[in-house]
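K.L.:
Attaching a single structure in structure tokens format; questions to follow.
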Amino acid sequence: LIPCSASPCLDIALTPFAVRGLYIPFNLLSRPEKIAELIDLVDRTELNAIVVDVKSDRGFLAYRSQVPLAVEMGVGGERKGWLSLKELLKLCRDKGIYTIARIVVFKDNPLAHARPEWAAKRADGTIWLDREGLGWGIPSRQEVQDYNIAIAREVAALGFDELQFDYICFPSDGDITAIVYDEKHTRATRTAAIRAFMERLAAELRPFGVFTSADVFGLTVWVAPDSDMGIGQRVKDIAPYVDYLCPMLYPATFESGNLGHANPVLQPYDVIYRSLLEAAKRVPATTRVRPWLQHYSPPDTTYGPEQYQAQRQAADDAGSCGWTFWNAGGKYNVKFFEGLEPYPAVSPPSITSAAPVTKAESSEAR
């Protein structure tokens, strides 16, 4: 601590903290030895952070919740043989590793089945299921927002450095045209619901002093600024309420023709670099951009160190505030990270921005 006084004046140079992290999926907590390996990898390389599922894509919690609805649904609790979040946080603190708790919001199968009146439904009144067979809560329902805010407050008290929110949108995966809403469903109502949730969430978490971030689909930085792609997700309704905006810029999720490329997956540097330049134009000065990068091979294409390095370099050349690599199974090319050397400062190439992409992104995989 530096005491404040009228004199003398102190000039203090602060270096922004840039996350360089890996994603740890929920089920990997059942393998403490694997978690230990990943933490060791972070500790001995340039990596400095982990993102771990605390509320998973399936709606389960990695801790024992006291939220009444979570208790009723039986979605929380420590599991025998699993690494507890308390143990995980201690391991990371001992090594100075930055910890990020990922919380999946409106994609919530247990909630949809426990409270079907809060869920997206089909015309026959049955619960609508996405392409994974999972139900969703309706973001405009106050009760759905309340539940997720209650969970977020609990997680904020656990001791993570940052809370990261994912699936902040109306249903996005599957035949969303089959959903029948009980109330008016327009772009205006969708975006108002998401914006209201983000505003409430920010206010509720402010007393905890925890950093926050939000994941958004990659095309949100390319579509027209007012477009919500039919799912209520716009950068301008989310970015003002978090410290970091995290667009999921996986080249494999961009389709032929996007960014002017016949096959964007073969252009990892260009996809990341140009997308981040677009993202920077859409966020307020108080919000930093930190992308998710692809650490897996898409169908018919092999991704390896060359493609991983291209994405990493593009993120830094574009001035992003760090990056995190995504692999759904938590399987990473260890040799790639072990072989990384501090990269030299280079002047980013001059690239003319392509016309905005207008194709809806509801088919994009996480």
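Heads up: the sequence shown is residues 1048 to 1413, going by the numbering used here. The C-beta atom is built at its ideal place from N, Cα and C for all residues, glycine as well. Model, not experiment: these values are computed from the prediction.
#1: Please identify the residue among Ala1243, Glu1251 and Asp1100 whose C-alpha is closest to the C-alpha of Trp1373.
#2: Considering only DSSP beta bridges, list what Glu1209 is partnered with.
#3: On the DSSP letters alone, give me the boundaries of the beta strand (DSSP E) that Asp1100 sits inside.
#4: Around the Cβ of Ser1344, are there at least 16 other Cβ atoms within 10 angstroms (buried) or fewer (exposed)?
#5: From Val1152 to Arg1335, what distance separates their C-alpha atoms?
#6: Within 8 Å: the Cβ of Pro1163 and any heavy atom of the ligand MN?
#7: Kindly list the residues whose CB is nearer than 6 Å to the CB of Ser1322, restricted to its own chain and excluding five residues on each side of it in sequence; keep chain order.
#8: Would you call the segment 1062-1078 in contact with the segment 1376-1390, where contact means no fewer than 3 C-beta pairs closer than 8 Å?
#9: Alpha carbons only, please: which of Arg1337, Ala1239 and Ala1375 is nearest the one belonging to Asp1364?
#10: If we count Cβ pairs, one from each stretch, closer than 8 Å, do we get three or more for the segment 1172-1190 versus the segment 1130-1148?
#11: Would you report the Cα separation of Asp1090 and Thr1371, rounded to the nearest angstrom?
#12: Go ahead and pull the three-state DSSP assignment for Asp1364.
#13: Near Ile1082, which residues of its chain fall below 8 Å by C-beta distance, leaving aside the five closest residues on each side in sequence?
#14: If Trp1165 and Val1191 are in contact, beta carbons under 8 Å, what's the gap, nearest whole angstrom?
#15: May I ask you to list the residues that DSSP assigns as paired with Gly1184?
#16: Assign Arg1359 to buried or exposed, taking buried as 16 or more other Cβ atoms, counted over all protein chains shown, within 10 Å of its Cβ.
#17: If I'm right that Leu1248 touches Ala1199 with Cβ under 8 Å, what's the distance once you round it to whole angstroms?
#18: From Pro1013 to Leu1313, what does the alpha carbon distance come to, in whole angstroms?
P.N.:
On the basis of the data shown:
#1: Asp1100
#2: Ile1147 and Phe1258
#3: Run containing Asp1100: Ala1096 to Lys1102, per the beta strand (DSSP E) assignment.
#4: exposed
#5: 21 Å
#6: Annotation note on the ligand MN: not contained in the displayed structure, which lists no ligands.
#7: The residues are Val1268 and Leu1296.
#8: yes
#9: When only C-alpha atoms are compared, the closest one is Arg1337.
#10: no
#11: 15 Å
#12: helix
#13: Excluding residues within five positions, the ones whose Cβ falls inside 8 Å are Ile1071, Leu1075, Leu1076, Leu1130, Leu1135 and Leu1138.
#14: Going by Cβ atoms, the distance from Trp1165 to Val1191 rounds to 5 Å, so yes, they are a contact pair.
#15: Residue pairing by DSSP puts Gly1184 in a beta bridge opposite Ala1166.
#16: buried
#17: Indeed they touch by this definition, with Cβ atoms about 6 Å apart.
#18: The chain is shown only over 1048 to 1413; residue 1013 falls outside these bounds and no answer can be derived.
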